[in-house]
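Structure, as structure tokens:
Chains as they are written, first to last, in my numbering: chain A, 170 to 329; chain B, 170 to 329.
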């Protein structure tokens with residue numbers, strides 16, 4: 170899995186911490202988000218762009234621009250973040266090898282039902298997705314000790 | 170995910186079909202397994218070697234050599250096959266970016282508990298593994314129409 174998943178999830182939690190006490194969330198420059206976790210800024214920009222394309226963050230242009238969460242943290246799941254970075258496809262891609270070689274003369278109707286292997290892989294994928302969809306960015310933020318969130322807010326309140 | 174997972178799972182089901190009515194299972198040349206599903210033999214050899222390293226298949230050398238299942242199909246799970254091909258690692262690798270940058274001065278004790286993000290990703294991985302471990306090669310073989318198994322046996326009974 171792309172290391173950007175870890176980065177993007179932390180960025181969402183951090184943006185929530187910075188925004189949760191603001192009536193009108195101020196956008197945060199991605200360069201400052203990168204510095205906060207010592208991440209390479211050009212690569213983090215790509216991950217944040219993926220979050221924005223997925224409607225998780227929104228980009229504010231201009232001198233005081235940056236990014237902020239596009240919706241409340243309890244409406245962003247870890248599944249949303251993983252799908253934004255990794256794409257929507259299942260990890261397992263069935264290529265229907267069962268229809269080839271010794272089975273190529275069989276009528277197509279025999280393959281109308283999904284292959285048992287693909288069916289089982291799909292079931293496991295759905296179990297994985299259900300788990301990730303059950304955890305929100307708010308859950309993750311709430312599970313972090315309060316002083317970590319407070320220190321992050323103090324860190325970002327300082328001028329660069 | 171490596172396409173070898175689909176290949177390896179089908180090979181295990183096929184070996185079960187070929188062996189289930191044999192008192193002493195005859196080894197099957199990997200080249201014939203490759204031909205049965207039109208797979209590139211040199212690449213399938215690599216996947217079958219991975220199955221053998223994992224103790225799922227065993228290799229019989231010599232003129233009439235080949236591979237066969239190393240244990241009964243009800244004792245080989247889809248998880249075993251996936252782990253043999255993909256390796257044992259979780260899809261998500263936490264790199265502890267939470268300890269860097271703005272948090273690098275924090276005492277190590279603050280990071281003794283796993284990060285909430287890594288914890289949630291691990292939970293999803295375990296849900297995925299549980300599902301794959303609940304399906305055996307025997308389950309997959311039993312879910313396939315009987316005539317497909319019979320035709321496969323007839324195909325392999327013919328001389329090459």
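Cβ atoms here follow ideal geometry from the backbone N, Cα and C, with glycine treated the same way.
With respect to chain A, the C-beta atom of residue 309 of chain B has a partner C-beta closer than 8 Å. By the Cβ test, the stretch 268-288 of chain A is in contact with the stretch 307-324 of chain B, since at least three Cβ pairs between them sit closer than 8 Å.
Among the residues of the stretch 239-265 of chain A, those with a Cβ less than 8 Å away from any Cβ of chain B are 247, 260, 261, 262, 263, 264, in the order of the chain. Here residue 296 of chain A is not near residue 252 of chain A, since their CB atoms are 8 Å or more apart.
A distance below 8 Å separates the beta carbons of residue 261 of chain A and residue 170 of chain B. For the 8 Å CB-CB criterion, residue 199 of chain A and residue 217 of chain A form a contact.
Distances from the alpha-carbon of residue 213 of chain A to those of A/172, A/227, A/242 put A/172 closest. According to DSSP, residue 237 of chain A shares a beta bridge with A/227.
Rounded to whole angstroms, the Cβ separation of residue 267 of chain B and residue 179 of chain A is 6 Å, and the two are in contact under 8 Å. Taking 8 Å as the cut-off, the beta carbon of residue 250 of chain B is found closer than this to the beta carbon of residue 177 of chain B. Shown in chain order are the members of the stretch 198-210 of chain A whose Cβ falls below 9 Å from a Cβ of chain B: 203, 204, 205, 206, 207, 208.
Setting aside the 5 residues that flank it on each side, residue 244 of chain B is surrounded in the same chain by 305, each with a C-beta closer than 8 Å to its C-beta; the list follows chain order. Annotation for residue 255 of chain A: the continuous alpha helix (DSSP H) segment containing it runs 247-255.
With at least 16 other beta carbons inside 10 angstroms of its own, residue 272 of chain B counts as buried. Among the residues facing chain A, residue 187 of chain B is not included, as its CB has no counterpart in that chain under 8 Å away. Distance between residue 219 of chain A and residue 301 of chain B, taken at the CA atoms: about 30 Å. Apart from sequence neighbours up to five positions away, the residues of its chain that approach residue 174 of chain A with a beta-carbon distance below 6 Å are 251, 254, ordered along the chain. Residue 185 of chain B and residue 299 of chain B have their C-alpha atoms some 23 Å from each other. Distance from the CA atom of residue 319 of chain A to the CA atom of residue 194 of chain A, rounded to whole angstroms, is 16 Å. Residue 269 of chain B belongs to the set of residues whose beta carbon lies under 8 Å from a beta carbon in chain A. Residue 236 of chain A is not a Cβ neighbour of residue 211 of chain A, given a cutoff of 8 Å.
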